[in-house]
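K.L.:
Please find one structure pasted underneath; my questions will follow.
Chains as they are written, first to last, in the numbering used here: chain A, 298 to 625; chain B, 1232 to 1429; chain C, 52 to 337; chain D, 64 to 372.
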């Protein structure tokens, strides 16, 4: 399969996916008990006469049949018009862009940390399966896997910010400092705890999967043969284990973007970190429908890109897909 | 008479033919050998004759009738790997009784130990499990048996034991037998010269 | 051919008394969860009313989880909250399991375009971050308890549906099912004798492992304020409240209810693992 | 070169409750291999053939206890010596392509064997190329992945891994399952060739015909023990000593095709006396009392007290 057909196929799938998300979101919100006009006007609802309401409804096309409204809405979407956020009073595209930039650094650090540490711990536990090292790593991973994300964030906040006072208690910058005056050090300082929290949560899954996969690999016939050839345990892991491990690990690593994004919503809430996750909560709590829909679209795009990257990594690592694919 | 006429088969419209224009027939009580290296469509041919697959072209008839799609199929197939042809969550006695209650005479002849009955398939070895798989088709309603490399993974003694019982049964019940194998001397012993190269 | 003895030696076999331990594990988990669920009826409203002289006490023998800023006993509050969360979680997870089983079975047995459509729906669900989807649904159906239940029920069925579909397909295409058909067994007989013994364990384990997710997500939704009304003492809400008192050093308000939540989730995880071991013929024997 | 006497391998398993289960999978096994000869080890599945290979290579699982002695070049094979020797002086030829790493090119894997034997990377590469030429593998085969090899090529690559070592002892574990007769013959000929170079070869198989085709001597396994070690000529020449070997020979399709009834005893409860006692037509009280010792009768070893008749 050439790169071109691959790209076209992926783009088509993405289009189809976004269309499905669009239909799903639209239908969901159309049948929901939430009155968009009321949601738009909020607390000022009492000061508005029924005639004015009618006008707003007409301007939004709310008196039109469902299918026409959907067509209108989709048309706007296709032109890249996601509407205006009511909470932030800015175009939704802009809100997402600025907010995501703030979240991105946190997500990237967490993603790399959890990937590297998870892989390392998983290999260690898998290679020494049954030992005390393995038990401790497993206990740690299993406990984290069933811990509520926001509670772990709370615990870390209590420990490091409240008791030890080594990290700030909230936000992305010290209060009262203008955005332009924030130093890199201050920036990193505020980024530290949220990123670590997120990565700690991501580690569990990757560790447990890597461990299980390594154990499977170590029980395979080709490892038995490698041992019979005189290869040591670490030689086996270096020459055969790692190669056979990296593919599932990569897939998992890219698939974890979805979990990470969800986790960031909760972590940002706890640390009052002004990223996209916090905006998601604000949009839902304050009925900012355009922003919420925008974020739903954006997150689908984000997760889809992650999965596509994993698909791209497959043939690089596995010759059976690379060569077998080109032959058939 | 089990007849396969002008059989063609492929697994998909764009895939190559696995079976091309084969015609063959087995009479009751007859033992026919089918010899070929792997990858020559022997297994597919066996599955066609036993009704596991439907030929893309051509047809299988039993005494000039199409194979019944309901009820006990008079043509049965025994595979090479017994592990796949038994439900891993069933006990041995349940597996044995699925089609018919086997006669104690045959169980004894096949060396199926009463102690196996309460075990699960993964607790028996391949040779033991294959004997169970064979015992359950030794049923008077089985009029033709397709044995696809039935004893290829077994030792000579178990192989002889199984074939002795199967041949006895075939003789007593006038059952037709098609033996698919790559073992020349086995086919020579079983089929008295009736070996078709594939 | 490798000797079966060589391969049939999982490390776990070395631990003694496995089957008995499995039974104990299951009993213990079920008891623990039952105690939490039933605790509000046993305790009544004791400890829920403010006792101002006993404000902000750290954990002690009298108040194992401490007291809050108006002197309510945190253990009673946490148990009430956890019980509510468990019940909501159970309800939502059961609904989700029903959806998942139905769609998984439909996809696996009907095949063709039904399978294609269901698989695609599952893919679409997987391509949205779980929490974003939860928030969207909970918001769209108007929030509140119903909102949480519907959101959790409609977002957790996908993985179970995948498992059931794969299992159905695998059993359906297996040699022993084809053989059963050649033995003259009716599709209904095959379904009840071959499919059910494979699906039921998957379903049971899948259902049990759904609970912890459902409970965690219920708590997460309540925590960020989209779920239950702030007046209901759900575990997520108790934890959200504790946020306001953290900087004052009342750590137990956040730590202790969280421990209870963690233990409940682990109990379900453990229960699932033990039930899986019990139902698998390969481990249930020795 | 290799002398195994009274080897027993027992697995300890814990059953329900605290009851410990002992599975004796190899009992009082004897075997010798001389340089330049092919010794076939023949037996039904579950007779302990593969475990013997694992025991010699020292790669049994941890819950196995080994007793008896194994000597290699006159010195005892301790776990430490096993570790030092395996892959260098003792090499395994596995049964299928599944024993090669699916994600590494065949060339690199074969080269790695040379490097594990102390060669530098270029030297190992040169030796690999020479070995591939010897076995008619095209130069491009080095760049292939295991899944791209045909059945015959795979076989030759697996033999190449053993040739890369200077091993004096080669253990081929079921090298010919379900293969086309031509490939079987080719593989067996390769093993014969290696023996002619002065190496000792152990051929483990359930296929007695393949064994007779290539071996000098045949060791017959039953329920984890060697019941007989006979020269190949003894089979066709009617000089077999043990009733089981005779039965095995008779059960071949080209001979009488007559089996002995019954089953191999399970390793969980082996009889006190002769392991073959319950299926044997020569059985007497004495057989049920104690395990028969190994005797040298008519130029072969046998564990049967009635073998002289």
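For glycine and all other residues, C-beta sits at the position ideal for the given N, C-alpha and C. Just so it is clear, the structure is predicted and the values come from calculations on it, not from any experiment.
Give the single residue among 1288/B, 1312/B, 1279/B, 1287/B whose Cα lies nearest to the Cα of residue 1298/B.
P.N.:
Here the closest residue by C-alpha is 1279/B.
K.L.:
Do residue 181/D and residue 232/D count as a contact pair if the criterion is CB distance below 7 angstroms?
P.N.:
No, the Cβ-Cβ distance between residue 232/D and residue 181/D is not below 7 angstroms.
K.L.:
Do residue 542/A and residue 396/A have their CB atoms nearer than 7 angstroms?
P.N.:
Cβ atoms of residue 542/A and residue 396/A: not closer than 7 angstroms.
K.L.:
For chain C, is any of its Cβ atoms less than 7 angstroms away from the one on residue 303/A?
P.N.:
With 7 angstroms as the cut-off, residue 303/A does not count as an interface residue toward chain C.
K.L.:
Should residue 52/C be labelled buried (16 or more other beta-carbon atoms within 10 Å of its own) or exposed?
P.N.:
With a pLDDT of only 34 at residue 52/C, under 50, the local geometry of the prediction cannot be trusted, and the value read off the model is given with reservation. When all chains shown are included, residue 52/C counts as buried.
K.L.:
Taking the alpha carbon of residue 264/C as the point to measure from, which residue in 145/C, 213/C, 308/C has its own alpha carbon closest?
P.N.:
Considering only alpha carbons, the answer is 145/C.
K.L.:
Please tell me whether residue 356/D and residue 88/D are closer than 7 angstroms, where the distance is taken between their beta carbons.
P.N.:
No, the pair does not count as a contact, with Cβ atoms beyond the cut-off.
K.L.:
According to DSSP, is residue 1337/B part of a helix, a strand, or is it coil?
P.N.:
If DSSP states are grouped into helix, strand and coil, residue 1337/B belongs with the helices.
K.L.:
Let me make sure I understand the geometry here. Which of 247/D, 131/D, 187/D has the alpha-carbon closest to that of residue 229/D?
P.N.:
Residue 187/D is the option with its Cα nearest to residue 229/D.
K.L.:
Could you check which residue in 110/C, 123/C, 202/C has the C-alpha nearest to that of residue 104/C?
P.N.:
Ranking 110/C, 123/C, 202/C by Cα distance to residue 104/C puts 123/C first.
K.L.:
On the DSSP bridge assignment, give the partners of residue 139/D in chain order.
P.N.:
Paired residues: 134/D.
K.L.:
So what's residue 67/D in DSSP terms, helix, strand or just coil?
P.N.:
Strand at residue 67/D.
K.L.:
Take residue 147/D as the anchor and find which of 310/A, 528/A, 409/A, 592/A has the nearest alpha-carbon.
P.N.:
If we check each option's Cα against that of residue 147/D, 528/A comes out closest.
K.L.:
Rounded to a whole number of angstroms, what is the C-alpha to C-alpha distance between residue 250/D and residue 273/D?
P.N.:
Those two C-alpha atoms are separated by around 10 angstroms.
K.L.:
Between residue 164/D and chain G, is there a C-beta pair that is closer than 7 angstroms?
P.N.:
As a matter of chain content, chain G is missing from the structure shown, whose protein chains are A, B, C and D.
K.L.:
Could you say which of 373/A, 482/A, 454/A, 400/A lies nearest to residue 494/A if we only look at CA atoms?
P.N.:
The residue with the shortest Cα to Cα distance from residue 494/A is 454/A.
K.L.:
Taking residue 45/D as the query, report the chain B residues whose CB atoms sit under 8 angstroms from its CB, ordered along the chain.
P.N.:
Outside the displayed range of chain D (64 to 372) lies residue 45/D, so it cannot be described from this structure.
K.L.:
Using the three-state DSSP reduction, which class does residue 59/D fall into: helix, strand or coil?
P.N.:
One cannot answer for residue 59/D here, as it falls past the ends of chain D, which runs 64 to 372.
K.L.:
In the segment 210 to 270 of chain D, which residue ranges form an unbroken beta strand (DSSP E) of at least 3 residues, counting only runs that do not cross its ends?
P.N.:
Runs found: 232 to 236, 263 to 268.
K.L.:
Just to confirm, are residue 135/D and residue 179/D a CB contact at a threshold of 7 angstroms?
P.N.:
Not a contact, by the Cβ cut-off of 7 angstroms.
K.L.:
Can you grab the Cα-Cα spacing for the pair residue 151/C / residue 210/D, in whole Å?
P.N.:
Spanning the two alpha carbons is a distance of roughly 37 angstroms.
K.L.:
Could you check how far apart the C-beta atoms of residue 1382/B and residue 1390/B are, in whole angstroms? I think they sit under 8 angstroms.
P.N.:
The pair is a contact, with the Cβ atoms about 4 angstroms apart (cut-off 8 angstroms).
K.L.:
Could you please give the first and the last residue of the uninterrupted alpha helix (DSSP H) stretch that includes residue 449/A?
P.N.:
Taken as a continuous stretch (DSSP letters only), the alpha helix (DSSP H) holding residue 449/A covers 446 to 453.
K.L.:
Whose C-alpha, out of 323/A, 604/A, 419/A, is nearest the C-alpha of residue 178/C?
P.N.:
Out of 323/A, 604/A, 419/A, 604/A has the C-alpha closest to the C-alpha of residue 178/C.
K.L.:
Output needed for residue 214/D: all residues of its chain with C-beta closer than 8 angstroms, excluding positions within five of it in sequence on either side, in chain order.
P.N.:
Answer for residue 214/D: 242, 243, 246, listed in chain order.
K.L.:
Got a sec? Which residues, its chain only, sit under 7 angstroms from residue 446/A by beta carbon, not counting five neighbours each side?
P.N.:
Contacts found: 498, 560, 563, 564.
K.L.:
Please confirm if the segment 288 to 298 of chain D is in contact with the segment 255 to 269 of chain D, defined as three or more CB-CB distances below 8 angstroms between the two stretches.
P.N.:
These segments do not touch.
K.L.:
For residue 1416/B, would you say it is in contact with chain D, using Cβ-to-Cβ distances shorter than 7 angstroms as the test?
P.N.:
Cβ-Cβ to chain D under 7 angstroms: yes for residue 1416/B.
K.L.:
Could you please give the first and the last residue of the uninterrupted alpha helix (DSSP H) stretch that includes residue 304/A?
P.N.:
That run of the alpha helix (DSSP H) goes 300 to 327.
K.L.:
Quick one: which chain D residues come within Cβ less than 9 angstroms of residue 608/A?
P.N.:
Within chain D, no residue comes near residue 608/A; the closest Cβ sits about 18 angstroms away, beyond 9 angstroms.
K.L.:
According to the Cβ coordinates, are residue 129/C and residue 88/C closer than 7 angstroms?
P.N.:
No. Outside cutoff.
K.L.:
Against residue 323/D, what residues of chain B qualify as contacts under a CB-to-CB distance less than 7 angstroms, listed in chain order?
P.N.:
What residue 323/D touches in chain B: 1388.
K.L.:
When DSSP builds the beta bridges, which residues end up paired with residue 1375/B?
P.N.:
Per DSSP, 1306/B, 1407/B.
K.L.:
Is residue 1263/B helix, strand or coil by DSSP?
P.N.:
Residue 1263/B: strand per DSSP, three-state reduction.
K.L.:
Quick one: which residues of the segment 213 to 242 of chain C get their C-beta closer than 9 angstroms to a C-beta of chain B? List them in chain order.
P.N.:
Of all residues in the segment 213 to 242 of chain C, 222, 225, 226, 227, 228, 229, 230, 231, 232, 233, 234, 235, 236, 237 have a Cβ within less than 9 angstroms of some Cβ in chain B.
K.L.:
Within its chain, find whatever has a CB closer than 7 angstroms to the CB of residue 1327/B; leave out the 5 residues flanking it on each side and keep chain order.
P.N.:
Cβ within range, chain order: 1333, 1363, 1366, 1367.
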